[in-house]
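Each residue of the sequence shown is one higher than the one before, starting from 1 at the first, in UniProt numbering. C-beta atoms are modelled at their ideal positions from N, C-alpha and C, and glycine is treated no differently. Small disclaimer: the values here were computed from a predicted structure and weren't measured. What follows is a single structure, written as structure tokens, with notes after it.
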Amino acid sequence: MTHTPLETSTDENVGILASNSFDMNKLDTLHGTLHDLVAQREVLGPCYRLFYQKPLHLVSGRGTRLFDSDGTEYLDMYNNIPSIGHSNPCVTKAVTEQLTKINTHTRYVHQNILAYANDLLATLPPSLDRIMFMCSGSEANDLAIRCAQLYTLGEGIIVTAEAYHGNTALVSGVSPSIGKDVPMSPTMRMIPTPDTYRLGTDDIGTWMRDRVAEQIADMKRHGIRFAGVLFDSIFSSDGVIPGKPGFLQPVIDLVHAEGGLYIADEVQPGFCRTGDTFWGFQRHDITPDIVTMGKPMANGIACSGMAIRHDVLEAFAERNPYFNTFAGNPVAMAAAQAVLDYLREHDMLSHVSHMGKLLVNGISNLAKEHPCLGDVRGAGLFTGTDIVIPGTKDPDRATAVKLIEALREHHVLISLCGPYGSVLKVRPPLVFSESDLDFFLSALDASLTDIGK
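Spelled out as structure tokens, the structure:
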């Protein structure tokens, strides 16, 4: 049986927290210091989740590698936040030097926020001529939605059925992948996941445009004025769907024709992650009205941003001052500048494009021997691989969970995404090398063999 994307969003959504979380009811299976530390997490409350059936106690990192308390080394194939590698010395130096001087807020004048703002805007389309800073991608998306709503005088935001855009009250209401029990905003609408593997159409742009048109019409019937769409251009939580470059153009044309704005959530696809272009939306040769970005821009330091057209921002600023105490602080700006400088100095865009092609080819070759590896797709160092029942396109979440647990035993850290929690999400730090690739492919081959797939 083949499942449609719409069915997955309503019936099978496992939520981003359910992919491979540790079951606290199994605390007694842990021993020693690990048992004690996990038990002590009771003080943090029940909302937090731990990865893996046996949680990891990580104590240090360097580049693409992480080390646990026993000194065991792991290859990190999941963390996009330390974009230029764990403990990158360039970031450490920049942050340390700034901390010895001053760290304060944006109500005082400081040079480095201005220098960074102009440097970053130079990477974006000229129409995006203003930028503000926050501390998280959630905050950036929250402010972006508010700006879009005030500019259009509408409320309705359209997202994809498995989208994740953050965890503020406003943004969680447009983040269905958090889980089917989290209430969605009554003024938001979802379109099905643009599943290029299962939809059966080569014209994904027209298909997606038509779905957006249906939701705009539904808003009108319910007296909701359309404000815009909020899309991550690689559709990370939907299963990593890069699609053919350019397919989003008809969608954005419709959005603008209907008076809405296009908010590009670049928290994951931005900053060279998708290869070939600095920003993920540039793969589609389109210009957003607002761009949001998050912690990868500062290698994990609490920093995010929102680039925006000046006229859209002015509609918000006329009535709303915005202050976020440590957003845009000199230390965060120093870290962000160090990342931007590193990306340019190391020609990271070319490196990511090259390594991304090798990564997709390597997984595709393994798929010839392991039929549970279905569609293999990616852009730059961001790939998704459907884990399926062999001979079908049916998702196989049970095998996917077994696989990431087996990979952990082979010292590779990775996770899952997609509506069924059955897509292998491969997203290493951008400094991923050919030796890392060899290590990963060997571990993936061995893990698939171990689980009999």
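Between the region 228-247 and the region 151-162 there are three or more C-beta pairs closer than 8 Å, enough to call the two in contact.
For A315, the enclosing alpha helix (DSSP H) begins and ends at H310 to A317. Contact between the region 241-258 and the region 199-217 is present: 3 or more CB-CB pairs across the two stretches fall below 8 Å. Counting only the Cα atoms, N25 lies some 37 Å from E369. Residue nearest to D142 within the set H354, I290 and L359 is I290 (criterion: CA-CA distance). Between I451 and S422, the C-beta gap is not smaller than 8 Å, which leaves the two residues out of contact. The secondary-structure analysis by DSSP pairs Y74 across a beta bridge with L66.
The Cβ atoms of N329 and N88 do not sit closer than 8 Å to each other. The continuous alpha helix (DSSP H) containing G356 extends over residues M348 to A367.
Your pair V431 and I84 checks out as a contact, with CB atoms roughly 6 Å apart and the cut at 8 Å. In the three-state DSSP reduction, K220 falls in the helix class (H, G or I). By the 16-neighbour rule on beta-carbons within 10 angstroms, L114 is exposed. The secondary-structure analysis by DSSP pairs Y262 across a beta bridge with V229. As computed with DSSP, M184 is found in no beta bridge at all. Sequence-distant Cβ neighbours of V182 in its own chain, meaning closer than 7 Å and more than five residues away, are S172. In this structure, L359 lies near L437, with their beta-carbon atoms less than 8 Å apart. Counting only the Cα atoms, D394 lies some 43 Å from I131.
Among the bridge pairs identified by DSSP, V159 is matched with M190. If you draw a straight line from the Cα of A227 to the Cα of L66, it comes to about 43 Å.
In the DSSP assignment, the residues bridged to M134 are S304. For V240, the three-state secondary structure derived from DSSP is coil. V109 sits in coil when the DSSP states are folded into three classes, being neither helix nor strand. In this model, Q268 and L381 are separated by some 11 Å (Cα to Cα).
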